[in-house]
Amino acid sequence: MFAGPAIAQSGPSGPSAGSAATVQYDVELNVAPRCGWASGGQPAARVDLGSLDIAGSKDVPFALDCNTPFVIRVSSLNGGLVNDGTSSIDFPTSFTDLVNYDLRMRLGVRRLNGDTDTRTRDCNSAQVWQLVLAANCDFGGTAIGEGWSSNNAVANANDPGLPASRLRLSWSERTRGAPTRVAGSYSDVLTVSVEAQS
2 MFAGPAIAQS GPSGPSAGSA ATVQYDVELN VAPRCGWASG GQPAARVDLG
52 SLDIAGSKDV PFALDCNTPF VIRVSSLNGG LVNDGTSSID FPTSFTDLVN
102 YDLRMRLGVR RLNGDTDTRT RDCNSAQVWQ LVLAANCDFG GTAIGEGWSS
152 NNAVANANDP GLPASRLRLS WSERTRGAPT RVAGSYSDVL TVSVEAQS
């Protein structure tokens with residue numbers, strides 16, 4: 002009988018006692034850019050300005066839901082408040098059926114460093130008229146990409162520390178020597194658009 006040395010064989014070795022086998026996984030998630038009106042935050046569809054005989058103003062609040070920098074713009078159909086019943090009437094220069102008004106946009110945003118900011122810009126109705134948009138109105142525009150950029154700031158209506166946003170319309174009373182405003186109902190159509198900044 003022949004007795005040789007004993008040989009032990011085994012497969013791949015596992016972790017020894019007191020150590021662990023470790024595997025690392027790279028986990029990725031993409032969040033698409035989003036920008037629009039927050040739920041219930043869309044500007045009012047109809048705004049009653051009351052009487053134009055005296056100076057006044059009206060605030061139109063709105064709330065945004067933008068997880069990325071954005072662009073917001075405003076355009077006016079008529080370039081001012083136009084008398085609804087006088088479109089086919091020619092008036093002498095001592096009368097007018099157009100009332101210009103001012104717009105002040107206030108944006109509450111949060112910069113990417115975490116700080117909040119309130120930004121304001123001023124224009125008038127003639128500057129945001131769709132037919133002759135003036136280059137010196139920051140938030141005037143009708144086309145994609147036009148308007149006022151938030152730069153590196155976002156806006157989320159659910160952010161408790163975010164300042165409120167609004168569009169203020171204001172008008173002056175008729176001054177001495179200015180054309181007399183023709184009696185009647187005056188109106189304009191403002192289009193406010195917001196989109197993710199490209």
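Numbering (the numbering used here) for the sequence shown: 2 to 199.
C-beta atoms are modelled at their ideal positions from N, C-alpha and C, and glycine is treated no differently.
query = Between which two residues does the beta strand (DSSP E) containing W130 stretch?
reply = Element bounds for W130: n/a, residue is neither H nor E.
message = Assuming the contact rule is C-beta atoms closer than 8 angstroms, S76 and V129 should be a hit. Round their C-beta distance to whole Å, please.
response = 5 angstroms
key: R35 - partner residues in DSSP beta bridges   = Bridge partners of R35: none, in fact.
key: DSSP-derived helix/strand/coil call for A9   = With a pLDDT of only 49 at A9, under the threshold of 50, the placement of this residue in the model should not be trusted; the figure read from the coordinates follows. It is coil, neither helix nor strand.
query = If you run the structure through DSSP and keep just helix, strand and coil, what is S95?
reply = coil
task = Report back the beta-carbon spacing between Q198 and V72 to the nearest angstrom; my notes put them in contact at under 8 angstroms.
result = 5 angstroms
ask   = The beta strand (DSSP E) spanning L108 covers which residue range?
value = D103 to R112
task = Note down, one range per segment and in chain order, each beta strand (DSSP E) of at least 3 residues found wholly within the stretch 139-195.
result = 154-157 and 166-172
key: Where the beta strand (DSSP E) containing V75 begins and where it ends   = F71 to S77
inquiry  = Distance check for L82 and G57, CA to CA, integer angstroms please.
reply    = 14 angstroms
task = Determine the extent of the beta strand (DSSP E) in which S58 is found, giving its start and end residues.
result = G57 to F63
query = Would you say F63 and P180 are within 8 angstroms of each other, going by their C-beta atoms?
reply = no
ask   = To which residues of the same chain is R182 closer than 7 angstroms at the C-beta, ignoring the five residues directly before and after it?
value = L53, T97, V100 and R175
query = Along the chain, where does the beta strand (DSSP E) that runs through N84 open and close?
reply = L82 to N84
Straight-line gap, I90 to L65 (C-alpha atoms, nearest Å) = 41 angstroms
request  = Could you check the C-alpha separation between G141 and R107 for me, to the nearest Å?
outcome  = 14 angstroms
task = Please name the residue or residues paired with V100 in a DSSP beta bridge.
result = L82
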